[in-house]
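Numbering (my numbering), first residue to last: 1197 to 1797.
Even glycine gets a Cβ: it sits at the ideal position worked out from N, Cα and C.
For reference, the structure discussed in these notes is given below.
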């Protein structure tokens, strides 16, 4: 008897199952529905788009998107729910020159596969009184009829995920889903300032923009005029890319990237690489754990952009990624340094009792001692003056000079009039403004630019009288071994000393005379503990730490001459506004602000 061949275990899935699987890739949550429908409205040439939401029992119940775009004929409306039916591409070559937000013909089909959808549409210029109404439930057409309606399209989505209980169960609370919808709508609104958008929830308007075509107007409507006032315009046009938008002054930053919004060819996307380029444009203007507010629009040759990477189309792939990164970074950098970045102090209400004001910490993080006496420039002891002079002169290396016009545009001339608490230098400008300079942060900036010259150069070293032995953990020792070549170029002479120990024979001249073992140990510990980043090289980390450790410390009382030397050298730096870690070096009081504090105005 012949053996019977076993039945095939591989089956072709039925269309309904296929559509539900596809929908799971494209439609993750209510915000996905909003995104797909709004993008379809934009592709239809809409001048205004309204998103209406209702919620019941802590979940989104209905989503309706209405537009005044071109609408659809009866024949097109019937095809709109067929998978992979689209008016936007016809051949595979069209994928390389996509100018629309949608192109796969999946949006309506996938939404309808997991919900109940009602489409009402009428083609602009058709001359017909009635449009088309189609009701689809779980991918099956339940009703097709004529109906009276205005030109354009309205799509109502109800009972999302009614036939996929597992997906429905994992939906978040109403407020969480609303937050995701807000994020999507904000990104799309800023990518299309020429379109008027309205977002309504349970009859209450949550978001509204006008179709002015001016991005700054949309920003002000979404985030307020205070945020808009803190932004500087960005514009850079190159043969392969146009970079436009707005970025915040360093005084306005966040602890997350939530306000870094990017569009490519008017498509709102998420891109860690472009976000990194924006942050890199700030250099040391921001601390590493702070992020700017940024709204950047890139126009790139469609041949350099692949949007067919992810089902949601929120992620894209760029060719010439390095050149695009550099263009965005340079555009942000040029925008920032062409504007006044000295922070001013907001004028608060009247000060009722000065004695009750709590003590403040210095911006650099050093505490202010309560027993220091405020006043004008103090006369230091002879020994103290010599020590400070040595500290300043040892680190007084020549800076790369900049044109006088550039110096004047970044920072005015300053005349030192006093110091406060061994931490702050008080200076006045020719315009009568009072500047308060953090002497440690300012000196740190000076040293940073002195030692961050050409990367190929080897920094001068000074030998220690007695070499210092460092004992590290195996993990720390491995990090130090990786850093040895970079440390050597910056003036550190270290050699392995058996096991996980190292012998330090010399340190950079910029540090001055450093002989104490704890000080050297702290410098190396800083390097080991500071988290490495792709955007910051090992050399950059070393230079920042050396500059910080080499700068005069808070509590060092400087003479008038020493203070003047610091502020004069600060003016010569490329970026006098922040220390290498992004903290401000100086703040400004105008005469008007001081008069307001004393109720003179």
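Item checked: Cβ neighbours of residue 1627 in the same chain (closer than 8 Å, five flanking residues each side left out) -> In the chain shown, residue 1627 corresponds to position 431, counting from 1. Cβ neighbours of residue 1627 beyond the five flanking positions: 1608.
Item to check | Outcome for residue 1535 when other beta-carbon atoms lying within 10 angstroms are tallied against a minimum of 16 | outcome: Translated into positions along the chain shown, residue 1535 becomes position 339. Exposed, since its Cβ has fewer than 16 Cβ neighbours within 10 Å.
Handout entry: Exposure of residue 1787, with buried meaning 16 or more beta-carbon neighbours within 10 Å
Key = Here residue 1787 refers to the residue found at position 591 of the chain shown. With fewer than 16 Cβ atoms within 10 Å of its Cβ, residue 1787 is classed as exposed.
| So who's on the other strand from residue 1755, going by DSSP bridges? | Taking the first residue of the chain shown as position 1, residue 1755 is located at position 559. According to DSSP, which records beta bridges pairwise, residue 1755 is partnered with nothing at all.
For residue 1318, which beta-bridge partners are listed by DSSP?
For this step, residue 1318 is matched to residue 122 along the chain shown. Per DSSP, 1348.
Quick one: Cα of residue 1242 to Cα of residue 1263, how far? As a first step, residue 1242 is located in the chain shown; it is residue number 46 there, counting from the start. As a first step, residue 1263 is located in the chain shown; it is residue number 67 there, counting from the start. Cα-Cα distance, rounded: 6 Å.
With distances taken from CA atoms, which of 1354, 1356, 1323, 1790 is nearest residue 1344? Position 148 of the chain shown holds residue 1344. Here the closest residue by C-alpha is 1323.
Check your understanding: In or out: residue 1654 buried (at least 16 other Cβ within 10 Å) or exposed?
Key -> Here the question's residue 1654 lines up with position 458 in the chain shown. Under this definition residue 1654 is an exposed residue.
message: At the level of alpha carbons, what is the spacing between residue 1276 and residue 1410?
response: If you number the chain shown from 1, residue 1276 lands on position 80. If you number the chain shown from 1, residue 1410 lands on position 214. So the two alpha carbons sit approximately 33 Å from each other.
*Option in 1667, 1691, 1660, 1694 with minimal Cα separation from residue 1703*: Within the chain shown, residue 1703 is the residue found at index 507, counting from 1. Per the Cα distances, 1660.
Which residues mark the beginning and the end of the alpha helix (DSSP H) in which residue 1436 is found? Here residue 1436 refers to the residue found at position 240 of the chain shown. Run containing residue 1436: none; DSSP gives neither H nor E here.
field: Rounded straight-line distance, which links the Cα of residue 1755 to that of residue 1524
entry: Taking the chain shown and counting its residues from 1, the one referred to as residue 1524 is at position 328. Taking the chain shown and counting its residues from 1, the one referred to as residue 1755 is at position 559. Taking the straight line from one Cα to the other gives about 43 Å.
Q.
Suppose you measure from the CA of residue 1427 to the CA of residue 1503; what does that come to, to the nearest Å?
A. In the chain shown, counting from the first residue as 1, residue 1427 sits at position 231. In the chain shown, counting from the first residue as 1, residue 1503 sits at position 307. Their Cα atoms are separated by approximately 29 Å.
Only counting the same chain, and skipping five residues up and downstream in sequence, which positions put a Cβ closer than 6 Å to that of residue 1782?
Indexing the chain shown from 1 puts residue 1782 at position 586. Closer than 6 Å at the Cβ level, and outside the excluded window around residue 1782, lie 1631, 1633.
Going along the chain, which residues of its own chain have a beta-carbon closer than 6 Å to the beta-carbon of residue 1459, five neighbours each way excluded? By one-based count along the chain shown, residue 1459 stands at place 263. So the qualifying residues of the chain are 1387, 1493.
(Q) Taking contact to mean 3 or more Cβ pairs, one atom from each stretch, closer than 8 Å, check whether the region 1441-1458 and the region 1477-1494 are in contact. (A) yes
Decide yes or no for the touch test of the region 1226-1234 against the region 1325-1334: beta carbon pairs closer than 8 Å, at least 3 of them. no
The region 1422-1442 / the region 1358-1369 touching (three or more Cβ pairs under 8 Å) | no
Backbone CA spacing between residue 1334 and residue 1312 [nearest angstrom]: Taking the chain shown and counting its residues from 1, one reaches residue 1334 at position 138. Taking the chain shown and counting its residues from 1, one reaches residue 1312 at position 116. Computed Cα separation, rounded: 6 Å.
| For residue 1422, does the count of other Cβ atoms within 10 angstroms reach 16, so buried, or fall short, so exposed? | Along the chain shown, one-based indexing puts residue 1422 at 226. Exposed: under 16 other Cβ atoms inside 10 Å.
Q.
Measuring straight from C-alpha to C-alpha, what distance separates residue 1537 and residue 1670?
A. Position 341 of the chain shown, counted from the first residue, corresponds to residue 1537. Position 474 of the chain shown, counted from the first residue, corresponds to residue 1670. Distance between the alpha carbons of residue 1537 and residue 1670: 44 Å.
- request: Name the residue from 1404, 1235, 1479 whose alpha carbon lies nearest to the alpha carbon of residue 1775.
  value: As a first step, residue 1775 is located in the chain shown; it is residue number 579 there, counting from the start. Ranking 1404, 1235, 1479 by Cα distance to residue 1775 puts 1479 first.
Note to self: With the cut-off set at 8 Å, would you say residue 1245 and residue 1393 are in Cβ contact?
What the structure shows: The residue you call residue 1245 lines up with position 49 of the chain shown. The residue you call residue 1393 lines up with position 197 of the chain shown. Yes.
Problem - Helix, strand or coil at residue 1659 according to DSSP, with G and I counted as helix - result: What you label residue 1659 is simply residue 463 of the chain shown in a count that begins at 1. In this structure, residue 1659 counts as strand in the three-state DSSP scheme.
**For residue 1648 and residue 1784, the rounded distance between their alpha carbons** = For this step, residue 1784 is matched to residue 588 along the chain shown. For this step, residue 1648 is matched to residue 452 along the chain shown. Whole-angstrom Cα-Cα distance: 28 Å.
inquiry  = Closer than 8 Å is the cut-off here; do at least three beta carbon pairs connect the region 1246-1263 with the region 1349-1362?
reply    = yes
Requested in this report: Please check the pair residue 1615 and residue 1743, which I expect to be a contact at CB under 8 Å, by giving their CB distance rounded to whole angstroms.
Outcome: On the chain shown, position 419 is the one that residue 1615 refers to. On the chain shown, position 547 is the one that residue 1743 refers to. Not confirmed; about 21 Å, so no contact.
Could you name the residues of the same chain whose beta carbon sits closer than 7 Å to that of residue 1391, not counting the 5 residues immediately before and after it, in chain order? Along the chain shown, one-based indexing puts residue 1391 at 195. Once the five neighbours on either side are set aside, the close Cβ partners of residue 1391 are 1238, 1242, 1243, 1244, 1245, 1407.
| message | Please classify residue 1398 as buried or exposed, where buried requires at least 16 other C-beta atoms within 10 Å of its C-beta. | response | On the chain shown, position 202 is the one that residue 1398 refers to. Burial call: exposed.
| query | In chain order, what residues of the same chain lie with their CB nearer than 6 Å to the CB of residue 1341, ignoring the 5 residues before and after it? | reply | Indexing the chain shown from 1 puts residue 1341 at position 145. Correct list, in chain order: 1329.
TODO: Give the straight-line distance between the Cα atoms of residue 1320 and residue 1274, rounded to the nearest whole angstrom.
DONE: Counted from its first residue, the chain shown places residue 1320 at position 124. Counted from its first residue, the chain shown places residue 1274 at position 78. Their Cα atoms are separated by approximately 17 Å.
Grouping DSSP H, G and I as helix and E and B as strand, with all else coil, what is residue 1426? Here the question's residue 1426 lines up with position 230 in the chain shown. Looking at residue 1426 - three-state DSSP - the assignment turns out to be coil, as it is neither helix nor strand.
Using a Cβ-Cβ cut-off of 7 Å (strictly less than) and excluding sequence neighbours within five positions of residue 1254, which residues of its own chain qualify? Taking the first residue of the chain shown as 1, we reach residue 1254 at position 58. Only 1369, 1370 meet the Cβ criterion.
- Query: Is residue 1693 helix, strand or coil by DSSP?
  - Reply: Residue 1693 sits at position 497 when you count from the first residue of the chain shown. Three-state result, residue 1693: coil.
query = Under a three-way DSSP split, which group does residue 1378 fall into?
reply = For the purposes of this step, residue 1378 is taken as residue 182 along the chain shown, with counting starting at 1. Correct three-state label for residue 1378: helix.
**Message:** Taking the straight line between their C-alpha atoms, what separation do you get for residue 1697 and residue 1676?
**Reply:** The residue given as residue 1697 occupies position 501 in the chain shown. The residue given as residue 1676 occupies position 480 in the chain shown. If I take the Cα positions, the gap works out to 10 Å.
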